[in-house]
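In our numbering, the protein residues as written are 33 to 646.
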Ligand code: M6R
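Next up, the structure:
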C-alpha cells in the first residue's frame, strides 16, 4: 500500500525523508519519490522505479544540492492506476511545475476530472489518478484562490479515498494535508513536524502524535499544526503521547522482521494479558464500558475482520460459544458491509484488526453500528481509526508488527479473545468455577510456556528443508484448530507462494481428498483433545492415499508414528489455548520454507501490510 512521509523544520529534509520511507517499506511499493523545497520558487522532485536504494542513488547524484531543503514530502507507490514506472511515481507536479502532491488511495472520479481539465486545455502526463489533483489545484489558484483555499476546493472535488500531502514552490514553508480513508499521522517535535501514513517512521523522532480523522484537512508549518474541515472551520486534534518504544521496531540480530516477531510472541502475549487477569476468583479487568446487564443480555456476537484477523475471529467463535454460550457469527468484513441490513438487536459487533485501518473492517463496523449493534475493536494500534470508531477497544499490545505476514498480532488477538470469552461467560454465569480457575491458571502460565516453543525452530527448519519444493499443501484441523489450519495455510501461501489450503479435517473426504498423492504434504493438527479420535481416522485416510502426513500431536501420542511422514510433538496444553501454541510452529515452517525458496519474507509480492482500499 502506498506510503506518505513529510518533514518541515530546521534539519536537512532529504535524509529524514529517506529514513522515514525506509520505515514504510514493509507496506509494499514498486516506486518512490521525494519533493524537496530547495529555495523559494524551487521544489526539486526526484523519483525512481524499484527499490528505495535507486531513489537514494538519484538523490546522491544531486551532489549536495538537495541538502539545503528544510521541508519536503516523500512517497512509496504501490501501483493501482498505471504501471510502476518513474513517470507514474509520486510526487506528481501541476502543469506549471509549482505544486507537488503525494497521494495514498484512489480518486474514483479522476476520469471525469481528467476530461474536465482537458477541456480547459490541461493535459495530464502520467497514467495515474493522482495527477489530476495538483493540476486542478493549480487551475483553481489561477482562478484567483490562495493556496489553502484552492486546496480545500480541490479536496472537495475528490471522490473516493485519499490521504494527500501537498506543497507549493512559492510557499515552501507550508505543507497541506487531507485525509479521507487512509491514515495520516503528524508527529510534533521541537520546532519541527514530521508526518506519515503510520506511526512507525515517527517514533524515533517524537512520541507526540496528532491523528487526523476522516474529513480532516491540516496546514503544517514550523510554528504549528492547524486542523480544519472542508468548510475551513477549525477542529481540535490534540497530540497524544504514544508509549511504544521505537527500539521495538528495530531488527536487532534477526534476519527478518517476521522471524523476530515470531520469537517475540511470549512477551507480546504477556503484554496482552498484563493487568487483565483476575486475582483469586475475582473478575477480569478489561475496562469495557458496557454494563453487566448489557453484557448479560447479549443474544449474539458478530465478528468482523479480514485475513489473519478473520481467522482469529473464527477461533473467537469457538471460545465464546464454548465458554459464554452466546451464538457467534464471523463475517468477512468485505461481505458483511454489503449484505442485507438486518437489525443487530442485543448484539455485540467486534472488529478484529491489527492495524485498525483496514478499509473493509472499518466500513463493516460502521454498518454494524448503524444496524443497532454495540461495538468493540480488538486492535493493535492505539489511536487508529478502529479504536476511535468503536464504542470500546481492547488493545492487543503486540507492539509494532513490521512483517507483512501477521504472527504476533494473531496470537495476541487470540489471547485477548480468550479473556473476552471469560468476561462474557462471567456475565452470563455459564462457566463452571473449577474450569474457569484452570483456564485462568493456564493463561497465567502461558507466556512462560510459549518460551519452550523456541526450541521447535530446529525441527521446523529441517521440515522446511525437506518440503520446500512442494507445489501444494493441505492443512487440517478440527474445532478451534480448524482456523489455525486456515491460518497455517495462509502463512505458507502468502510468503512462499506455495498453494496451500486449510480445511476442517472432517471435510477432507468431501473434495480435497482427491488432491492427495505422495507429493502432497498434509499438515495436520491433532492435540489430545475431544476431537482427537475423529481427526485420527481422517489422518489415517490421508496416509492411506500416500499423503506426506506431518502431524502435530500432544507429546507422547504414538498413534501416527507408523503412518506419518513426520510427527511433531507439542506440549500438553489447555484446549482453549491450543490455537496459540499450534500457530507458532506453522509460522516458523512457513518462514523457513519462504527463506529456502528465496522469497522476500517481510515484503511478499502484491501484498500490503495495511489494506486501506476496498
Ligand atoms: O490490519 P488487519 O488485521 O485488519 O489486516 C487484515 C489482513 O489484511 C491481514 O490480517 C492479512 O491477512 C495478514 N497480514 C496476513 O498475514
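For every residue, glycine included, the Cβ atom is placed at its ideal position computed from N, Cα and C.
For residue i, three-class secondary structure by DSSP
i	result
residue 286	coil
residue 275	coil
residue 368	helix
residue 68	strand
residue 553	strand
residue 226	strand
residue 250	strand
residue 511	helix
residue 167	helix
residue 637	coil
residue 453	helix
residue 83	coil
residue 422	coil
residue 359	coil
residue 322	coil
residue 236	coil
residue 4	Any question about residue 4 goes unanswered here, given that the chain covers just 33 to 646.
residue 76	strand
residue 195	strand
Buried/exposed call for residue i, threshold 16 Cβ in 10 Å
i	result
residue 115	exposed
residue 490	exposed
residue 557	buried
residue 120	buried
residue 228	buried
residue 21	Absent from the structure is residue 21, since the part of the chain shown begins at 33 and ends at 646.
residue 64	buried
residue 642	buried
residue 473	exposed
residue 393	buried
residue 416	buried
residue 592	buried
residue 87	buried
residue 206	buried
residue 619	buried
beta-carbon residue i near the ligand M6R non-hydrogen atom, thresh 8 angstroms
i	result
residue 532	no
residue 347	no
residue 656	Coverage of the chain is limited to positions 33 through 646, which leaves residue 656 absent and any answer about it impossible.
residue 341	yes
residue 198	no
residue 691	In the structure as shown, the chain begins at 33 and stops at 646. Residue 691 is therefore absent and cannot be evaluated.
residue 377	no
residue 86	no
residue 523	yes
residue 429	no
residue 304	no
residue 385	yes
residue 257	no
residue 520	no
residue 407	no
residue 631	no
residue 338	yes
residue 388	yes
Of the residues the options, the one placed nearest residue i, counting alpha carbons only
i	options	result
residue 56	90, 73 and 107	107
residue 517	536, 155 and 525	536
residue 377	305, 406 and 296	406
residue 398	38, 450 and 422	422
residue 147	161, 135, 136 and 134	161
residue 52	226, 103, 483 and 75	226
residue 385	572, 463, 345 and 264	345
residue 210	75, 412 and 251	251
residue 425	484, 483, 481 and 304	304
residue 414	242, 125, 493 and 92	242
residue 573	215, 238, 543 and 77	543
residue 401	112, 429, 369 and 412	369
residue 34	329, 79 and 135	135
residue 157	179, 124 and 137	124
residue 84	583, 454, 40 and 62	62
residue 311	476, 567 and 223	476
residue 353	450, 196 and 437	450
Any non-hydrogen atom of the ligand SAM within 8 angstroms of residue i CB
i	result
residue 437	As for the ligand SAM, it is missing from this structure, which binds only the ligand M6R.
Could you say if the segment 332 to 346 and the segment 365 to 374 meet the contact criterion of at least three C-beta pairs nearer than 8 angstroms? With a cut-off of 8 angstroms, the segment 365 to 374 and the segment 332 to 346 count as touching, because enough Cβ pairs lie within range.
Evaluate contact between the segment 588 to 599 and the segment 624 to 640, counting only Cβ atoms and requiring at least three cross-stretch pairs below 8 angstroms. Judged by Cβ distances under 8 angstroms, the segment 588 to 599 makes no contact with the segment 624 to 640, as fewer than three pairs qualify.
Taking contact to mean 3 or more Cβ pairs, one atom from each stretch, closer than 8 angstroms, check whether the segment 181 to 196 and the segment 158 to 169 are in contact. They touch, by the three-pair rule.
Segment contact, 8 angstroms Cβ cut-off, at least three pairs: the segment 403 to 418 with the segment 373 to 388: Because the criterion of three Cβ pairs below 8 angstroms is met, the segment 403 to 418 and the segment 373 to 388 touch.
Given 8 angstroms, three or more beta-carbon pairs between the segment 95 to 114 and the segment 143 to 157: The answer is no - the segment 143 to 157 does not touch the segment 95 to 114, with fewer than three Cβ pairs under 8 angstroms.
If you pair each beta-carbon of the segment 313 to 333 with each one of the segment 513 to 531, do three or more pairs fall below 8 angstroms? Result no; under three Cβ-Cβ pairs closer than 8 angstroms.
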